[in-house]
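Take a look at the structure set out below.
Have a look at this one:
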């Protein structure tokens, strides 16, 4: 209930009768939108008690409101604010009258944004996304069960009252094991932080490194939200080509020779958007450059967990980099759950400073959720899920590759990625993708397409074809619809 | 399993026998910490297949490792890396040898930190905290039940695959209703953002407003993490006194006359740390100042939901402020759950820019969790919880007030707060609180105490006595222990 005692101030010595003061106060509360059409006024007995008035005074005030059509008596429910008052248009609440207009009365610092808003459109039943996991495989029941089991423990309260900016200690310990077992990372818990996802890790690391005007090397093209983050922090982006073997490390070295470089951002596995993996040879060379120039690197390895060759290449972070590589990853994509949990790996003192900054942005994560994830890493649930999903996605990659080659081979070319959840389709330049997207939407398919892949670089004509979330039948349907759509262009 | 195929490179034309190459490569992997003491090497058959070797070669390599004591054969499990090698000390993993030393090889941007680390100590069974809810009252079962029910819906997948920086739309709509019903806020969903808690709201708002050198007015004392956030963003803090009626608004106006003020940060209900509430008179005056000087304000109302007088005063944000008041709050404290969900209210275009910035920091929240909270707001679960908790906490405030007055009245003075979860105890300056904290710790009580309350201002001698998490018996025990502790000083 609204604090009517504060809202309805009565001047007992005033010239206006008290019932009218009450009625008029209600009218302005309704006019101002504090009491909304369809809401009920408090019962007359209750209001009389709150305002220390005789009940008859309140009844008189309500009668006055009803006679003016501000309220309507509803049997057994009381006085309802009328919904059809000409004075009360819903837009009024958002319009000039009310406290929050469209524009803030003060000026804001700029935030870089993508030039083209993502083309949303109506989401069809069948969706070729940008490279997301299949939530039908997500260990959802295990997840809820783990949370339930935690709150039934006698010590459950400690998961509810505490949060630390570095994350749950148990999860940090399990993360160390997990990264050691899967990637050969040689770290201790003090090198880790549990974040809200890879994006927060990138932001934190970049905010600790970048000052206005600093040079940051990124790929061309590059993951656009990383670009925007660096620009937001004042960086000057220097772009080097990304080809089939990943980022051009010779070009990186040329830049290091010419300028003081503050940071290199690299996606070593399944680059976003192009899906290429940095070759072993370039890795060795890049490690040399990193050591030689003491080059700080953010290695974004958001997609490492899904690899389809027998021998994935370990990340740069697992090799000899002299402490220069800040390693960033996520469980969000690996698990296909809604939870957003990522991590960051760096030297101990870096992590301490990152924790101080993260505390100001966010205090810390959800301790219960982090504990649940730690238990699922420990008891092997996550490992089993990854193994299972890996197998399914590898099959889907192969199926998608076959279908795309057979049915769309005349219009698209691609390299099957070594891992990850998407195929980067280079589309015949004569074919207008935006028109294709509209065409297939009419046939029940949402085809993910974004101009943003070319943020800051020369636009190309490609589709990031996420195959992981579609089973064999759905992949067949999707490719067939695209084939038909091309025919209609 | 580690990617042995990448890690163990064999030179088939080399001078060393292949089994020795394999063994030596394992030794360096163990030395480098990539394979840890107690870990198992892959079965010989599996490794042979991975490396395309004869199995006998692998067996010979493993025998060599065993004869050098690097590994120990364990019946039915295979080859375990020895745990007692003199060459392998656990610290080696963290020490100079390994990739991540203590210090990053590059320089970092500074992050302001609190001068005194929080005195942690061993947590005793009985804890007087800083003002946290009682998790024993938290709607935990309802919460898990709601999440379970969501994932059993046919459309569950949409909660798992999407996230937006402004938050779940259903929760935004329910938030509008909730804030209108409880605080008379007159807003539309476009004025809202769902954040990770009040701290993130403060950070986002401040980052959009503050440029290096800008003047920001804060209370003296003030919530220290807000101070640090503004300083992190380059602000110059101007402090005005906080007395029993809240922040000194005349002092605010004096500053506005003299300087261009970028931002005022105010906690209008149950100020942190002093628990005072801004008086109605000062509110009116402050609103005038806000309109007159077009003063941007962050109103941090983290604790509004718990008020113990019949008529809580509505926030500044509910009054006529010309769109200048950015309103910040949280469900984390209200619910006593581990989930960290807060909100921010501001003009529509401000929120759009805030969303662009939040995307770079965090992409967005946990959509499933936000949907669950929306449902719990809609079905009244949250409302019922707040009503129940309010009643319990009001009783506890009164009990705590009585006990403190009767048993500690000679040593402490305080004003019973109108709401919130803590009493601000002014302690006799002759009494050394740090010594008292140590004394009562020996008697099984953790007494929250922090030097940080005086960050940036003249140190005082006070304890923030959180009463909400303790029932009558526990409050009695806590106060008795403090009484005894004082006797022993």
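Chains as they are written, first to last, in UniProt numbering: chain A, 1 to 489; chain B, 1 to 489. Just so you know, even glycine gets a beta-carbon here, dropped at the ideal spot from N, CA and C.
Within chain B, the residues that residue i reaches when beta carbons sit closer than 7 Å
i              : result
residue 353(A) : 108, 111
residue 277(A) : Near residue 277(A) there are no residues of chain B at all, since even the closest Cβ is about 12 Å away, more than 7 Å.
residue 337(A) : 160
Check whether residue i and residue j have beta carbons under 9 Å apart
i              : j              : result
residue 308(A) : residue 417(A) : yes
residue 232(A) : residue 357(B) : yes
residue 266(B) : residue 197(B) : no
residue 191(B) : residue 372(B) : no
residue 163(B) : residue 364(B) : yes
residue 238(A) : residue 259(A) : yes
residue 451(B) : residue 431(B) : no
residue 246(B) : residue 291(B) : no
Contact set between residue i and chain B, taken where Cβ atoms lie within less than 9 Å
i              : result
residue 376(A) : The premise fails here: residue 376(A) is roughly 16 Å from chain B at the closest Cβ pair, so nothing lies under 9 Å.
residue 167(A) : By Cβ distance, chain B contributes nothing, its closest Cβ being about 13 Å from residue 167(A), past 9 Å.
Reduced DSSP secondary structure (H/G/I, E/B, other) of residue i
i              : result
residue 141(B) : helix
residue 426(B) : strand
residue 271(B) : coil
residue 225(B) : helix
residue 343(B) : strand
residue 480(B) : helix
residue 464(B) : strand
residue 456(A) : coil
Test: residue i CB closer than 9 Å to a CB of chain A
i              : result
residue 82(B)  : no
residue 100(B) : yes
residue 154(B) : no
residue 349(B) : yes
residue 188(B) : yes
residue 266(B) : no
residue 197(B) : yes
residue 86(B)  : Bear in mind that the predicted position of residue 86(B) carries a pLDDT of just 41, short of 50, making it too unreliable to give a figure here.
residue 16(B)  : no
Given residue i as reference, the closest of the options once Cα atoms are compared
i              : options                        : result
residue 25(A)  : 131(A), 375(A), 11(A)          : 11(A)
residue 126(A) : 212(A), 361(A), 195(A), 482(A) : 482(A)
residue 8(B)   : 61(B), 37(B), 275(B)           : 61(B)
residue 1(B)   : 209(A), 163(A), 21(A), 183(A)  : 183(A)
residue 32(B)  : 81(B), 66(B), 44(B)            : 81(B)
residue 293(B) : 315(B), 274(B), 263(B), 305(B) : 263(B)
residue 83(B)  : 40(B), 49(B), 107(B), 227(B)   : 40(B)
residue 447(B) : 272(B), 475(B), 244(B), 37(B)  : 475(B)
residue 4(A)   : 440(A), 42(A), 17(A)           : 42(A)
residue 316(A) : 210(A), 132(A), 296(A), 193(A) : 296(A)
residue 465(A) : 457(A), 455(A), 445(A), 484(A) : 445(A)
residue 153(B) : 141(A), 379(A), 154(A)         : 141(A)
Closer than 8 Å at the beta carbon, the chain A residues around residue i
i              : result
residue 207(B) : 109
residue 225(B) : 359, 360, 363
residue 147(B) : 144, 147
residue 203(B) : 360, 361, 362
Below-9 Å beta-carbon distance, residue i vs any chain B residue
i              : result
residue 59(A)  : no
residue 393(A) : no
residue 94(A)  : Note that residue 94(A) scores a pLDDT of 28, beneath 50, so its modelled location is shaky; the value from the coordinates is reported in the next line. Yes, residue 94(A) lies at the interface with chain B (some Cβ there is under 9 Å from its Cβ).
residue 159(A) : yes
residue 448(A) : no
residue 442(A) : no
residue 182(A) : yes
residue 346(A) : yes
residue 296(A) : yes
residue 89(A)  : For residue 89(A), the pLDDT reaches just 30, beneath the cut-off of 50, and the residue's location in the model is therefore unreliable, leaving the point undetermined.
residue 492(A) : No answer is possible for residue 492(A): it lies beyond the span of chain A, which begins at 1 and ends at 489.
residue 217(A) : no
residue 381(A) : no
residue 132(A) : yes
Chain A contact residues for residue i, given Cβ-Cβ distances below 9 Å
i              : result
residue 313(B) : 3, 6
Partners in chain A for residue i, counting only beta-carbon separations shorter than 7 Å
i              : result
residue 464(B) : What residue 464(B) touches in chain A: nothing, since even the nearest Cβ is about 15 Å away.
8 Å Cβ cut-off: residues of chain B touching residue i
i              : result
residue 232(A) : 357, 360
residue 504(A) : With chain A covering only 1 through 489, there is no way to say anything about residue 504(A).
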